[in-house]
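Participant:
Residue numbers (the working numbering), protein chains in the order written: chain A, 491 to 979; chain B, 389 to 672.
1. Can you tell which of B:556, B:429, B:472 has the C-alpha that lies nearest to the C-alpha of residue 666 (chain B)?
2. For residue 719 (chain A), which residues from the same chain have a beta carbon less than 7 angstroms from its beta carbon, with the 5 sequence-adjacent residues on both sides left out?
3. Please report whether the beta-carbon of residue 403 (chain B) lies at a distance below 8 angstroms from any beta-carbon of chain A.
4. Can you tell me whether residue 515 (chain B) is buried or exposed, with buried defined as 16 or more other CB within 10 angstroms of its CB?
5. Which residues, taken in chain order from the stretch 494–512 of chain B, show a beta carbon closer than 7 angstroms to some beta carbon of chain A?
6. So, residue 782 (chain A) versus residue 711 (chain A), is the Cβ gap smaller than 8 angstroms?
7. Check residue 598 (chain B) in the structure and name its three-state DSSP category.
8. Check whether the stretch 582–601 of chain B and the stretch 537–548 of chain B touch, using three or more Cβ-Cβ pairs below 8 angstroms as the test.
9. Taking the Cβ atom as the reference point for each residue, do residue 788 (chain A) and residue 577 (chain A) lie within a distance shorter than 8 angstroms?
10. Excluding five sequence neighbours on each side, which residues of the same chain lie with their C-beta closer than 6 angstroms to the C-beta of residue 733 (chain A)?
11. Go through its chain and collect everything with a Cβ distance to residue 455 (chain B)'s Cβ below 7 angstroms, but skip five positions before and after it.
12. Run through DSSP, which three-state label would residue 872 (chain A) get?
13. Are the C-beta atoms of residue 672 (chain B) and some chain A residue less than 8 angstroms apart?
14. Suppose the cutoff is 8 angstroms on Cβ atoms and the five residues either side in sequence are ignored; what does the same chain contact list for residue 721 (chain A) look like?
15. Which residues bound the beta strand (DSSP E) around residue 592 (chain B)?
16. Around the Cβ of residue 603 (chain A), are there at least 16 other Cβ atoms within 10 angstroms (buried) or fewer (exposed)?
17. With H, G and I counted as helix, E and B as strand and the rest as coil, what does DSSP make of residue 589 (chain A)?
18. Got a sec: is the Cβ-Cβ distance from residue 673 (chain A) to anything in chain B below 8 angstroms?
19. If you measure beta-carbon to beta-carbon, which residues of the stretch 458–484 of chain B are closer than 7 angstroms to chain A?
20. Does the Cβ of residue 424 (chain B) have 16 or more other Cβ atoms within 10 Å, making it buried, or fewer, making it exposed?
21. Going by DSSP in three states, residue 761 (chain A) sits in which element: helix, strand or coil?
22. Under 8 angstroms, Cβ to Cβ, is there at least one residue of chain A near residue 659 (chain B)?
23. Please specify which runs of the alpha helix (DSSP H), each continuous and at least 4 residues long, are wholly inside the stretch 780–827 of chain A, giving them in chain order.
24. Checking 8 angstroms against the spacing of the C-beta atoms, do residue 480 (chain B) and residue 521 (chain B) come in under that value?
25. Taking 7 angstroms as the limit between beta carbons, can you name the residues of its chain near residue 687 (chain A), skipping five residues before and five after?
26. Short of 7 angstroms Cβ to Cβ, which residues in the stretch 701–729 of chain A face chain B?
27. Can residue 621 (chain B) and residue 649 (chain B) be called in contact, C-beta distance under 8 angstroms?
28. Cβ closer than 7 angstroms: which chain B residues qualify as neighbours of residue 754 (chain A)?
29. At a Cβ threshold of 8 angstroms, is residue 518 (chain B) touching chain A?
30. With 16 as the cutoff for other CB atoms within 10 Å, does residue 539 (chain B) come out buried or exposed?
31. Kindly indicate the opening and closing residues of the alpha helix (DSSP H) around residue 722 (chain A).
32. For the stretch 408–445 of chain B, list the beta strand (DSSP E) runs that are entirely contained and at least 3 residues long, ordered along the chain.
33. Closer than 7 angstroms by C-beta to residue 536 (chain B): which residues in its own chain qualify, once you throw out the five before and the five after it? Chain order, please.
34. Kindly list, in the order they appear in chain A, the residues whose Cβ is closer than 7 angstroms to that of residue 535 (chain B).
35. Between A:830, A:769, A:800, which has its C-alpha nearest residue 817 (chain A)'s C-alpha?
36. Please say whether residue 450 (chain B) and residue 661 (chain B) have beta carbons closer to each other than 8 angstroms?
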């Protein structure tokens, strides 16, 4: 049975309330409730899920802001997919952004050397129940508070540790946020009445988003993830980097070798494929791009769980390569930096001619927008800063000097992208951190980093995140069986 | 020096992979000797190897559909290569459904064994996976180091119990001690003993049987003028024994060991078309 209800604005709404039992049975109850203006909610229920939803919200009497999010994962398949997504993101970095928006839940992650970016978005339809509610200040119109927070992967991973057995043991997984004490709660309802609750602290901060225009890529391949997995299995698990070489006649994945590779000690593997094996094959320019295989493996496992084909967008060496999957209820993109062979100058030399390097990176500079790094919304520099690392401002005007290569990365690759919220310089403080940490990631010496911008946030404004959430609200959320309308807020 | 070989039959490929997997578990680096009719995987019992010796012999006709080689010189029609068997094992691991596997000796950047696996694919042309395994060519003056070891003058020769059982026993013993005493007699009895400060454990095997060796001079034949019950024993490193037992993927048709008291234990494992000899020196 399918139940749907949508509400908006000042109308009196019919809330549909039900309880979830393990089996196929639903009790419906109607309830009228007056909703505050500007509040939206939507209830959906996909075909094979036998339960429904319920939603409530409101403001408390003293004008406190609060924010609450709840999304419930049900259905074995979905839990597996969600768990795999977490694992895939875990391969990129130790922390990730957990960013619920009205349309769904976005997970983002960037690696420490800024050479890999993962983005997974689950639309609200993916979940059995997705409730994203916000209360607006009465005097502000159409403003919706949102929560974006950063979590440590290590804390979340144990929740979804044995992804394959998750489906057997877990009946339901709920995720709630509690702004008040900066906690996100993952609750797994397992067999035999076991309930596992994980309360994880988060840090609030604006997420980053990689700037990459897929549609500008001349080379596009689309293939089922099974094929990619079958190809990657031939490489040893210790293989860090892999080169993808394409011509209109063939596609070749091979182990990456550099000039000073000791051939007498390394085993090299190469796989040749015919274009016919791909569901979609477009090669506009012959190219050889080298990217980090380890970071990709997570996405491959994830896409196998979803059985959605993988699209690969890329250009020449140096430009990022994007692996993405997309279907009705979710989309994911892993954007990896690729090695560039522009720099002929050895690391010890003084910075090579800046203009030469800037050339390669400026081909796609947007006309107007300056991409920016907004890690913490407060630390945006207003003016282009002197790069300590060697990223030049993407500004066509300035030719920033490049510091000696050493362990630093080269000028970033940028493609245009509108970033509405935050403007500013190419480098924020955050860059320094990135570069500092990079010293240890020497294998990324020559990787071009991606450009990042703050997530465009038409809805976001920089107001203080002082939320109060009502303890009672969270508590009553837990028992779905007897849903009472939440207290008057 | 040229070498090229091809396997087309899946069963032979699996069999060959299993042999390579066993070798990979026994030695990190070993010598591959190629002759017109046979392949040998050799580990010479140098101190560097911990005194372990290995000699594994295969008849190429049982595995390869095509096999051509040209040695260093006409009168020395052999090739000796040093390689890491783990690499070869890995290259063959993902070739389980291959249409054909070709192995070739090449010299692009350095001498390599190029393993080209042709896999079936959805499109008309197959998928080709190529692995370049670096090898070292062993010059002729060093060939003497790799001669076939002779069967030692043993004190006792006995058939081994079921390898699986033996492996389970030794595996548990490994947790208690680093060395193990293996002793046997001509009465078909074998004991595996460990002893520590806290505990001593002995596992007794009976009715194993003793292989009949053709007596060259009479003194090695079982029973003649020899006390059947007296045990010959040697203390060996448990880990090395476990490596041998754990690496076996197929049950051998014959498995026996020769013990030279306090010197060395010589294991012989025979399959249909592969023979493996393994020497574990006694600990002093």
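Glycine residues also receive a C-beta, built at the ideal position from the N, C-alpha and C atoms.
Facilitator: On the basis of the supplied data:
1. B:429
2. 790, 794
3. no
4. buried
5. 497, 498, 509, 510, 511, 512
6. no
7. coil
8. yes
9. yes
10. 744, 746, 778, 780
11. 393, 448
12. Caution applies to residue 872 (chain A), whose pLDDT of 35 falls short of 50 and renders its modelled position unreliable; the value that the coordinates give is listed next. Coil.
13. no
14. 743, 761, 763
15. 588–593
16. buried
17. strand
18. no
19. 475, 478, 482
20. exposed
21. strand
22. no
23. 783–796
24. no
25. 675, 677
26. 723, 724, 726
27. yes
28. 498, 522
29. yes
30. exposed
31. 715–722
32. 418–422, 426–431
33. 443
34. Under the 7 angstroms cutoff, chain A gives no residues; its nearest Cβ is about 26 angstroms from residue 535 (chain B).
35. A:800
36. yes
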